[in-house]
Amino acid sequence: MFWLDELADEIIKANPGKKELVVRDEKTLSGRVHVGSLRGVVLHGITAQALRERGIQAHFVYEFNDVDPMDGLPVYLDKAEYEQHMGKPLRDVPSPDAKAKNYPEYFGIEFKEVIDSLHLEAEYTRATKKYDDGEYDQWIVKAMENESAIRQIYKEVSGSVKPDDWHPLQVVCENCGKIGTTKVTGWDGKLASYICEPDMVKWAKGCGHTGAIAPFKGKGKLPWKVEWPVKWTVYNVDVEGAGKDHGAAGGSYDIGIRIAREIFKTHVPFNIPYEFFLFGGAKMSSSKGEGATAHAISKILPPELVRFLMIRSRPNQPIEFDPNDETIPRLFDRYDECADHYFELAEEVNKDFARAFYFSQIAPIEATFRPRFSRLVFMVQMPHLNIEAEVAKLKKSPLTEADKKELEKRLHYVKLWLSEYAPDSVKFEVLKETPIVELSVDQKAFLAQIIDELKVEQTGEELHGKLHAIRKASPLSARDAFGAIYKALIGKDSGPQAGWFLEALDKDFVIKRFQELIG
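Anchor point for the sequence shown: position 86 equals 167 in this note's numbering, and the numbering is continuous, going up by one each time.
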């Protein structure tokens with residue numbers, strides 16, 4: 082059974098009798114949202130989809146967190162302009178342009194467009210609303226009344242020792258508007274006294290103001306490890322996964338469980354632990370502007386491939402992605418393989434592969450011919466080819482309108498990959514002039530035999546098979562044999578699959594070129 086189907090069954094079993102479930106995820110809008118954050122979005126969104134297919138009214142609630150303090154300055158922002166806002170709640174930081182009302186809204190608009198393109202049926206909310214509407218007020222009181230017990234939970238779970246004057250609350254300074262620099266110094270049940278410390282953190286400067294404030298209606302904020310279980314309660318969350326950083330032993334999830342059960346006397350949602358999405362081998366950071374943005378990845382992959390990328394592996398397996406190597410062609414090939422299983426074109430149908438393809442779709446599924454990405458990479462670099470006609474040859478029948486639409490879409494992504502990300506090893510251009518190359522006697526003999534094959538009408542597949550047979554009968558290694566072809570035609574040691582490559586070129590041109598090099 083496909084892991085997503087197993088997961089949906091486990092969730093239903095863990096919530097007996099419930100016909101309505103809330104699946105929640107969130108992202109702090111500290112900067113451009115990176116592709117790594119898409120794993121959680123897709124995982125939660127498609128889990129809700131799987132539940133709905135089982136008759137459960139599943140709501141996928143996605144929160145844009147806009148109340149955390151600005152604690153990092155992205156490299157793509159004007160330092161002189163934004164340094165003064167460090168430590169303020171994100172919602173109080175101005176937008177980089179006039180299109181959005183504030184800083185998190187600016188980045189949230191872009192990320193929402195990506196999520197919507199994936200058809201995940203998300204119901205959006207913002208952390209600001211819950212705080213401003215007072216939905217967290219009673220939990221702020223509860224936390225402050227139990228601060229010693231919370232300190233003990235921190236110590237027992239993570240080994241983090243909080244001093245006796247530590248309080249599970251920060252407030253917005255009435256003088257400078259910052260929250261990341263305030264230290265609560267007392268609590269009388271209604272007002273929190275505080276000081277805005279100049280040197281409390283390295284990334285922001287407090288103003289030194291002291292005062293007392295009612296920490297309600299958005300004027301106070303709980304620390305994340307206390308706030309998270311509050312969100313489980315306020316949103317009535319039934320399912321919420323924890324990424325590796327939160328779910329590690331002794332991490333924020335373990336602390337949240339204890340606080341939910343012992344302090345707030347509330348429930349703990351069904352957890353879906355999931356691994357990082359790695360870009361170039363390192364976890365990405367939104368606040369530092371590293372890696373690739375979710376928006377950028379959504380432009381170099383169609384939405385169904387983004388979904389496929391995120392769900393083809395189980396949540397407990399890391400995903401590595403690098404558009405600068407051949408990851409994208411391989412991803413398309415694996416996707417096409419799963420499509421063959423869905424449409425029962427494979428010799429032995431693998432139901433897990435079929436389900437992976439099914440859950441990747443954003444529209445009603447239609448059977449179309451899917452030319453291999455790598456084959457199109459080859460065709461695009463052969464300007465004289467009529468690509469539609471060549472693809473029809475591969476299909477062995479005329480292309481339908483749906484086939485043509487699929488081809489047009491794939492060509493878009495092929496050209497984009499070639500122009501922006503493809504390694505030089507897959508790029509080529511047929512040389513107009515005969516290059517000066519040194520060929521061994523055996524290589525010249527190999528090319529001479531190919532000339533004989535080119536005089537016979539045959540398909541690229543048939544020719545490819547003949548080339549391998551000739552090579553095996555010669556003393557040449559595959560590298561030296563096929564390298565002779567590529568050196569003669571494109572001036573490189575390697576190139577596209579030789580049979581189809583030669584079949585696509587003008588035969589007289591190739592024969593003449595080989596004869597000139599054979600001498």
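Built from N, CA and C at the ideal position, the CB exists for glycine as well.
- Message: Quick check: residue 359 and residue 390, are their CB atoms within less than 8 Å of each other?
- Response: Stepping through the sequence shown from its first residue, residue 359 is reached at position 278. Stepping through the sequence shown from its first residue, residue 390 is reached at position 309. Result no, Cβ atoms of residue 359 and residue 390 do not sit closer than 8 Å.
- Query: First and last residue of the alpha helix (DSSP H) that includes residue 233?
  - Reply: Position 152 of the sequence shown, counted from the start, is the residue given in the question as residue 233. Boundaries of the alpha helix (DSSP H) around residue 233: 228 to 239.
- Item | Assigned secondary structure, residue 359 (DSSP; H/G/I helix, E/B strand, else coil) | Locating residue 359 in the sequence shown gives position 278, counting from the first residue. The three-state reading of DSSP puts residue 359 in strand, counting E and B together.
- Would you mind giving the Cβ-Cβ distance between residue 262 and residue 278, rounded to the nearest angstrom? I have them listed as a contact below 8 Å. Position 181 of the sequence shown holds residue 262. Position 197 of the sequence shown holds residue 278. Residue 262 to residue 278, Cβ: 6 Å. Contact.
- Task: Say whether chain D places a C-beta atom closer than 8 Å to the C-beta of residue 90.
- Result: The chain inventory of the structure shown lacks chain D, comprising one protein chain alone.
- Query: Buried or exposed: residue 256, going by 16 or more other Cβ atoms within 10 Å of its Cβ?
  - Reply: Against the sequence shown, residue 256 aligns to sequence position 175. Burial call: exposed.
- Query: Near residue 41, which residues of its chain fall below 8 Å by C-beta distance, leaving aside the five closest residues on each side in sequence?
  - Reply: Nothing in the structure corresponds to residue 41, since the chain is present only between 82 and 600.
- Is residue 402 helix, strand or coil when you go by DSSP? Locating residue 402 in the sequence shown gives position 321, where the first residue counts as 1. Three-state result, residue 402: strand.
- Query: Is it true that the CB of residue 147 sits closer than 8 Å to the CB of residue 209?
  - Reply: In the sequence shown, counting from the first residue as 1, residue 209 sits at position 128. In the sequence shown, counting from the first residue as 1, residue 147 sits at position 66. In contact: residue 209 and residue 147 (Cβ atoms closer than 8 Å).
- Is residue 455 helix, strand or coil when you go by DSSP? For the purposes of this step, residue 455 is taken as residue 374 along the sequence shown, with counting starting at 1. Three-state result, residue 455: helix.
- Task: Grab me the residues of residue 364's own chain with a C-beta within less than 6 Å of its C-beta, minus the 5 sequence neighbours each way, in chain order.
- Result: The residue labelled residue 364 in the question sits at position 283 within the sequence shown. For residue 364, the pLDDT reaches just 48, beneath the cut-off of 50, and the residue's location in the model is therefore unreliable, leaving the point undetermined.
- Count the other CB atoms, across all protein chains shown, that sit within 10 Å of the CB of residue 584; report buried if there are 16 or more and exposed otherwise. Counting from one through the sequence shown, the residue named residue 584 turns up at place 503. Note on residue 584: 16 or more other CB atoms within 10 angstroms of its CB, so buried under the neighbour-count rule.
- Which of the three DSSP states, helix, strand or coil, is assigned to residue 141? By 1-based counting over the sequence shown, the position of residue 141 is 60. It is a strand residue.
- Indicate whether residue 325 and residue 213 have their beta-carbon atoms separated by less than 8 Å. For the purposes of this step, residue 325 is identified with residue 244 of the sequence shown, where counting begins at 1. For the purposes of this step, residue 213 is identified with residue 132 of the sequence shown, where counting begins at 1. Contact check for residue 325 against residue 213 fails: the beta carbons are separated by 8 Å or more.
- Alpha carbon of residue 368 to alpha carbon of residue 444, nearest angstrom: Counting from one through the sequence shown, the residue named residue 368 turns up at place 287. Counting from one through the sequence shown, the residue named residue 444 turns up at place 363. Because residue 368 sits at a pLDDT of 48, beneath the cut-off of 50, its placement in the model cannot be relied upon, and the point is left open.
- Item | Limits of the unbroken alpha helix (DSSP H) element including residue 478 | Here residue 478 refers to the residue found at position 397 of the sequence shown. Per DSSP, residue 478 belongs to no alpha helix (DSSP H) and is neither H nor E.
- Message: Quick check: the Cα distance between residue 400 and residue 291, rounded to an integer number of angstroms?
- Response: Walking along the sequence shown from the start, residue 400 turns up at place 319. Walking along the sequence shown from the start, residue 291 turns up at place 210. Taking the Cα positions, residue 400 is about 48 Å away from residue 291.
- Report yes if the CB atom of residue 132 is closer than 8 Å to the CB atom of residue 92, and no otherwise. Counting from one through the sequence shown, the residue named residue 132 turns up at place 51. Counting from one through the sequence shown, the residue named residue 92 turns up at place 11. Contact flag set, yes.
- Task: Verify whether the separation of the beta carbon atoms of residue 141 and residue 202 is less than 8 Å.
- Result: Locating residue 141 in the sequence shown gives position 60, where the first residue counts as 1. Locating residue 202 in the sequence shown gives position 121, where the first residue counts as 1. Yes, Cβ-Cβ distance for residue 141 and residue 202 is below 8 Å.
- In terms of alpha-carbon separation, which member of 348, 428, 491, 125 lies closest to residue 452? Counted from its first residue, the sequence shown places residue 452 at position 371. The residue with the shortest Cα to Cα distance from residue 452 is 491.
- Message: Can you tell me whether residue 351 is helix, strand or coil according to DSSP?
- Response: By 1-based counting over the sequence shown, the position of residue 351 is 270. In this structure, residue 351 counts as strand in the three-state DSSP scheme.
- Same chain only: Cβ atoms within 6 Å of residue 573, ignoring 5 sequence neighbours per side: Sequence index remark: in the sequence shown, residue 573 carries index 492 (1-based). Residues of the same chain with a CB within less than 6 Å of the CB of residue 573, apart from the 5 flanking positions on each side, are 567 in chain order.
- residue 154 to residue 376 span [Cα, whole Å]: By 1-based counting over the sequence shown, the position of residue 154 is 73. By 1-based counting over the sequence shown, the position of residue 376 is 295. Between the alpha carbons of residue 154 and residue 376 lies a gap of roughly 20 Å.
- Could you check the C-alpha separation between residue 526 and residue 418 for me, to the nearest Å? Here residue 526 refers to the residue found at position 445 of the sequence shown. Here residue 418 refers to the residue found at position 337 of the sequence shown. Each residue's Cα considered, the two are about 38 Å apart.
- Item | Residue burial classification, residue 83 (beta-carbon count within 10 angstroms, cutoff 16) | The residue labelled residue 83 in the question sits at position 2 within the sequence shown. It is buried - the Cβ of residue 83 has at least 16 other Cβ atoms within 10 Å.
- Do you know how far the Cα of residue 488 is from the Cα of residue 305? The residue given as residue 305 occupies position 224 in the sequence shown. The residue given as residue 488 occupies position 407 in the sequence shown. Looking at the two C-alpha atoms, the distance is approximately 47 Å.
- Message: With H, G and I counted as helix, E and B as strand and the rest as coil, what does DSSP make of residue 371?
- Response: Stepping through the sequence shown from its first residue, residue 371 is reached at position 290. Here residue 371 scores only 46 on pLDDT, less than 50, and its place in the model should not be relied on; the value that follows carries that caveat. In the three-state reduction of the DSSP assignment, residue 371 falls in the coil class, being assigned neither a helical nor a strand state.
- Taking the C-alpha atoms as reference points, what is the distance between residue 167 and residue 173? For the purposes of this step, residue 167 is identified with residue 86 of the sequence shown, where counting begins at 1. For the purposes of this step, residue 173 is identified with residue 92 of the sequence shown, where counting begins at 1. Taking C-alpha positions only, residue 167 is separated from residue 173 by approximately 10 Å.
- Who are the near neighbours of residue 231 in its chain, counting only those whose CB is closer than 7 Å to its CB and skipping five residues on each side? Translated into the one-based positions of the sequence shown, residue 231 becomes position 150. In its chain, beyond the 5 residues on either side, 224, 249, 307, 340, 344 have a beta carbon closer than 7 Å to the beta carbon of residue 231.
- Task: Would you identify the three-state DSSP class for residue 336, choosing helix, strand or coil?
- Result: Locating residue 336 in the sequence shown gives position 255, counting from the first residue. Reduced to three states, the DSSP call for residue 336 is helix.
- Does DSSP put residue 595 in a helix, in a strand, or in coil? As a position in the sequence shown, residue 595 is number 514, starting the count at 1. Residue state, collapsed to three classes: helix.
- Would you mind stating whether residue 177 and residue 145 have Cβ atoms separated by less than 8 Å? Here the question's residue 177 lines up with position 96 in the sequence shown. Here the question's residue 145 lines up with position 64 in the sequence shown. One thing to note: residue 177 has its Cβ no nearer than 8 Å to the Cβ of residue 145.
- Taking Cβ positions, are residue 581 and residue 402 nearer each other than 8 Å? Within the sequence shown, the letter at position 500 stands for residue 581. Within the sequence shown, the letter at position 321 stands for residue 402. For residue 581 and residue 402, no; Cβs fall outside 8 Å.
- residue 288 bridges to which residues according to DSSP? Working through the sequence shown from its first residue, we reach residue 288 at position 207. The partner list for residue 288 (beta bridge, DSSP) is empty, contrary to what the question assumes.
- Item | Buried versus exposed, by CB contacts within 10 Å (16 or more), residue 165 | Reading the sequence shown from its first residue, position 84 is the one you call residue 165. Exposed, by the Cβ-count rule.
- Query: Do the region 521 to 537 and the region 551 to 566 make contact, defined as three or more Cβ pairs closer than 8 Å?
  - Reply: The region 521 to 537 makes contact with the region 551 to 566; the number of CB pairs closer than 8 Å reaches 3 or more.
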